[in-house]
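The number in my numbering is simply the position in the sequence shown, starting from 1, with 425 added.
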Amino acid sequence: GRFEGFGKKKFFGGLLVLLVVVGAGGAGYLAVKFATELWRPLGIIVGIYLLKSTFSIRSLVGTVRTVGQNIEESPEKARDQLLALVGRDRADLSRGEMRSAAIESLFENLVDSLISPLFYFVLGAFLSIETGIGFALFFKALNTVDSMLGYRTESLRSFGYMGAKLDDLMNWIPARLSPLLIALGSFSAVPVKLALREWGSTSSPNSGWPMSAGSGALKVRLIKKSHYVLGSEFDLPGSKDIGRASTLAGRTVGVYLLLLSGVTLFC
Numbered sequence: 426g427r428f429e430g431f432g433k434k435k436f437f438g439g440l441l442v443l444l445v446v447v448g449a450g451g452a453g454y455l456a457v458k459f460a461t462e463l464w465r466p467l468g469i470i471v472g473i474y475l476l477k478s479t480f481s482i483r484s485l486v487g488t489v490r491t492v493g494q495n496i497e498e499s500p501e502k503a504r505d506q507l508l509a510l511v512g513r514d515r516a517d518l519s520r521g522e523m524r525s526a527a528i529e530s531l532f533e534n535l536v537d538s539l540i541s542p543l544f545y546f547v548l549g550a551f552l553s554i555e556t557g558i559g560f561a562l563f564f565k566a567l568n569t570v571d572s573m574l575g576y577r578t579e580s581l582r583s584f585g586y587m588g589a590k591l592d593d594l595m596n597w598i599p600a601r602l603s604p605l606l607i608a609l610g611s612f613s614a615v616p617v618k619l620a621l622r623e624w625g626s627t628s629s630p631n632s633g634w635p636m637s638a639g640s641g642a643l644k645v646r647l648i649k650k651s652h653y654v655l656g657s658e659f660d661l662p663g664s665k666d667i668g669r670a671s672t673l674a675g676r677t678v679g680v681y682l683l684l685l686s687g688v689t690l691f692c
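Shown next as structure tokens:
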């Protein structure tokens, strides 16, 4: 019946996800190990290249800045560009709501695009650099598969179910670290306080943490109509707030890299 079909799709979807992510992680591990055995500097080069492929913060910030500029100069063009950041209906969004969508995407993707892959790299690197690269590629492959199959539509919901759940699980710790990192980047305790208060406002178990922390750091209201409001005591983002958000994201990344460097040096 219908339930049996749903179960089969979950099983085969989960099997596909497992094959892809284990394959990606294993291939990365073997590539670095083989290159290192051939010539150690080559192993370092291959490792750096593969690790860099797991995060994309520069392109994310660049896209957000471009959207922010067009919100002020060409709102209709910005509506089209927002499709690269959010999946919501953009037709009736005001300028403030478009800025909100861009800022939400920036902080949510800060976890997916940088905090999580580097978290798993460092975790694996306690065993070996090759293992760290493998862990980071495992996460990146999982996150990519989830972004393609994890949509909540009838056709993909069951097939992408296992990937979405595993992605939620692997982002669980990094998402909860993000308010602390954003607080350090903004020199304020408000991000942590607001995240603790409002993280559960979103349907995702993880995205509410970085988004509400970003709301608190910038003191702006972030809203998705009929879904959630974060920082209701603040106003919607103004014309300068996407620039402020991009700067804060950069500082947060800097803080995170410093902390990870300290962990790898002293542990």
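We put the CB at the ideal spot given by N, CA and C, even for glycine.
In its own chain, which residues sit with a C-beta less than 7 angstroms from the C-beta of residue i, not counting the 5 before and 5 after it?
i	result
G468	V457, A460, T461
L476	F546, I558, A561
P542	T479, F480, A561, F564, K565
S603	L535, V536, I540, W634, P635, A638
V471	A456, V457, A460
G521	L661, P662
E498	none
Count the other CB atoms within 10 Å of the CB of residue i; is the residue buried (16 or more) or exposed (fewer)?
i	result
G451	exposed
L595	The amino acid occupying residue 595 in the given sequence is Met; Leu does not appear at that position. By the 10 Å Cβ count, M595 comes out buried.
Y586	buried
I667	buried
I540	buried
L655	buried
V678	buried
Y454	buried
S519	exposed
Measure how close the beta-carbons of residue i and residue j come, nearest whole angstrom, since I'm counting them as under 8 angstroms.
i	j	result
F606	S640	Note on residue identity: the sequence assigns Leu, not Phe, to residue 606. That belief does not hold up - the Cβ atoms of L606 and S640 are roughly 15 angstroms apart, past 8 angstroms.
M509	T488	For the sequence presented, residue 509 should be read as Ala rather than Met. Sure, about 6 angstroms apart at Cβ, within 8 angstroms.
S525	P616	In fact, because the Cβ distance is near 17 angstroms, the residues do not count as touching under 8 angstroms.
N631	D593	6 angstroms
L683	A642	At roughly 18 angstroms, the Cβ-Cβ gap does not stay under 8 angstroms, so L683 and A642 are not in contact.
A527	G493	6 angstroms
Report all residues from its chain with a CB closer than 6 angstroms to the CB of residue i; omit the five preceding and five following residues, and keep chain order.
i	result
F544	P599
G439	M587
A449	L562, A566
For residue i, which residues from the same chain have a beta carbon less than 8 angstroms from its beta carbon, with the 5 sequence-adjacent residues on both sides left out?
i	result
N495	K502, A503, Q506
Quick check: the segment 647-657 against the segment 604-614, are there 3 or more CB pairs under 8 angstroms?
-> no
Continuous beta strand (DSSP E) assignments of at least 3 residues falling wholly in the segment 622-657 = 647-649, 653-655
If you pair each beta-carbon of the segment 618-629 with each one of the segment 470-486, do three or more pairs fall below 8 angstroms?
-> no
Which runs of the alpha helix (DSSP H), 4 residues or longer, sit entirely within the segment 554-617?
-> 554-574, 579-582, 586-611
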